[in-house]
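Participant: Listed in order, the protein sequences are those of chains C and Y. -13 is the number that my numbering gives to position 7 of the first sequence; each next residue is one higher, with no gaps. 46 is the number that my numbering gives to position 38 of the second sequence; each next residue is one higher, with no gaps. Using N, Cα and C, we set each Cβ at its ideal position, and we do this for glycine too.
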Amino acid sequence: LPLRFDWRDKHVVTKVRNQQVCGGCWAFSVVGAVESVNAIQGEPLEDLSVQQVIDCSFSNYGCRGGSPLSALSWLNKTHVKLVAESEYPFKAENGLCHYFSSSESGVSIKNYSAYDFSDQEDEMARALLSLGPLIVVVDAVSWQDYLGGIIQHHCSSGEANHAVLVTGFDKTGNTPYWMVRNSWGDSWGVDGYAHVKMGGNTCGIADSVSAVFV
Amino acid sequence: TWPPSRERGAAAFRESLNRHRYLNSFRHENSTAFYGINQFSYLFPEEFKALYLGSKTFRSPRYPTKGQTSILNVS
Chain C
-19 LPLRFDWRDK HVVTKVRNQQ VCGGCWAFSV VGAVESVNAI QGEPLEDLSV QQVIDCSFSN
41 YGCRGGSPLS ALSWLNKTHV KLVAESEYPF KAENGLCHYF SSSESGVSIK NYSAYDFSDQ
101 EDEMARALLS LGPLIVVVDA VSWQDYLGGI IQHHCSSGEA NHAVLVTGFD KTGNTPYWMV
161 RNSWGDSWGV DGYAHVKMGG NTCGIADSVS AVFV
Chain Y
9 TWPPSRERGA AAFRESLNRH RYLNSFRHEN STAFYGINQF SYLFPEEFKA LYLGSKTFRS
69 PRYPTKGQTS ILNVS
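(1) Using 8 Å for Cβ pairs, my map puts TRP(-13) of chain C next to GLY169 of chain C. What's the rounded Cβ distance?
(2) Below 8 Å, how does it come out for the stretch 66 to 75 of chain Y and the stretch 13 to 33 of chain C: are there three or more Cβ pairs, yes or no?
(3) Rounded to a whole number of angstroms, what is the C-alpha to C-alpha distance between GLU153 of chain C and SER82 of chain C?
(4) Note down, in chain order, each residue of its chain lying with its Cβ closer than 7 Å to the Cβ of GLU26 of chain C, except the 5 sequence neighbours on either side.
(5) By DSSP's criteria, ASN(-17) of chain C is part of a beta bridge. Which residues make up the other side?
(6) Can you check DSSP and say which residues form a bridge with VAL189 of chain C?
(7) Between the stretch 110 to 128 of chain C and the stretch 50 to 69 of chain Y, do at least 3 Cβ pairs fall closer than 8 Å?
(8) Check the C-beta distance from GLY46 of chain C over to SER63 of chain Y and give it rounded, since I have them as a contact under 8 Å.
(9) Can you tell me where the beta strand (DSSP E) holding GLY148 of chain C begins and where it ends?
(10) Please go through the same chain and pick out, in chain order, the residues whose beta-carbon is closer than 6 Å to the beta-carbon of ASP166 of chain C, but skip the five residues on each side of it.
(11) Under the assumption that THR65 of chain Y contacts ALA72 of chain C (Cβ atoms under 8 Å), give the Cβ distance between them as a whole number of angstroms.
(12) Under 7 Å Cβ-Cβ, which residues of chain Y neighbour ALA191 of chain C?
(13) Keeping to the same chain, check which residues put their C-beta closer than 6 Å to that of ILE20 of chain C; ignore five residues upstream and five downstream.
(14) Does DSSP put GLY44 of chain Y in a helix, a strand or coil?
(15) Does any residue of chain Y have a CB that is nearer than 8 Å to the CB of GLY22 of chain C?
(16) Taking only the alpha-carbon atoms, compute the straight-line gap between TRP6 of chain C and SER163 of chain C and give it to the nearest angstrom.
(17) Distance cutoff 8 Å, beta carbons only. Does PRO12 of chain Y sit that close to anything in chain C?
(18) In whole angstroms, what is the alpha-carbon distance linking LEU108 of chain C and LEU114 of chain C?
(19) Assuming ASP35 of chain C and ASN74 of chain C form a contact by the criterion Cβ under 8 Å, report the distance between their Cβ atoms to the nearest whole angstrom.
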């Protein structure tokens, strides 16, 4: 493993978004992963529609909450193409699902994986390197007040409530940490990112880890 | 109700300041996270949870470590 790795350095991570007053973090994390893996495959990096996932992923509750795994299962079963954000913009509320013809350009997924990497965070780092940014679900209650630094306390494993995207890690300092892209705008945390201690399954970051294949 | 009243927002903000003191009391080195006023400081924690923490947990199988072999079902 390298001491430091961040998919942002490869220019395959879209900018931090803002979910506003919408509990759609699960959709932001999934769409972020699809955008990045598509770009890693050599396609142009493009913002894809989060609103499409919020409106159309019927096994979830849109802005009232959902699960990344359900969204991935839906994307995988239906082979729905995610269209560009500009085609189906975010409006921070539930809406009716818009359907597009099969000739419409977009990105569909081929498969996904979901594993528990607790006690295996080095393996999780290898998965990040080989598969792309990873969707994780964490306990983010104390993130309400986070300004910066490495999160090491005040959160638990087994109490996940918020979906985010891990884009990299840094093991060069005394406290290795994961780089975690959030969806609360770039004024939150470290330019929209949280740094979460690597090792010890801090905030349950390794409990439920998903990757997409495009 | 959303948005909260000014009075409710002010009460949540005062509670946030107390919470920041507690959260920052665990800082033993410079790299440790620090907590303070941000865009969510006017929300009570239960409001914050309801509005922003919208993901359910899901259980996944343990990642199979390389070299792991299954054990035969023998007596």
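Facilitator: A quick look at the data gives this:
(1) Actually they are not in contact, since the Cβ atoms of TRP(-13) of chain C and GLY169 of chain C sit about 18 Å apart, beyond 8 Å.
(2) no
(3) The displayed chain sequence assigns Gly, not Glu, to residue 153 of chain C. GLY153 of chain C and SER82 of chain C: Cα-Cα distance of roughly 49 Å.
(4) GLU15, ALA64
(5) One detail in the question is off: residue -17 of chain C reads as Leu in this sequence, not Asn. DSSP output for LEU(-17) of chain C lists no bridge partner at all.
(6) C:TYR95, C:VAL116
(7) yes
(8) 7 Å
(9) 142 to 150
(10) VAL(-4), GLY172
(11) In fact, because the Cβ distance is near 24 Å, the residues do not count as touching under 8 Å.
(12) Correct list: empty, because the minimum Cβ distance to chain Y is about 11 Å.
(13) VAL(-8), GLY112
(14) coil
(15) no
(16) 10 Å
(17) no
(18) 6 Å
(19) 7 Å
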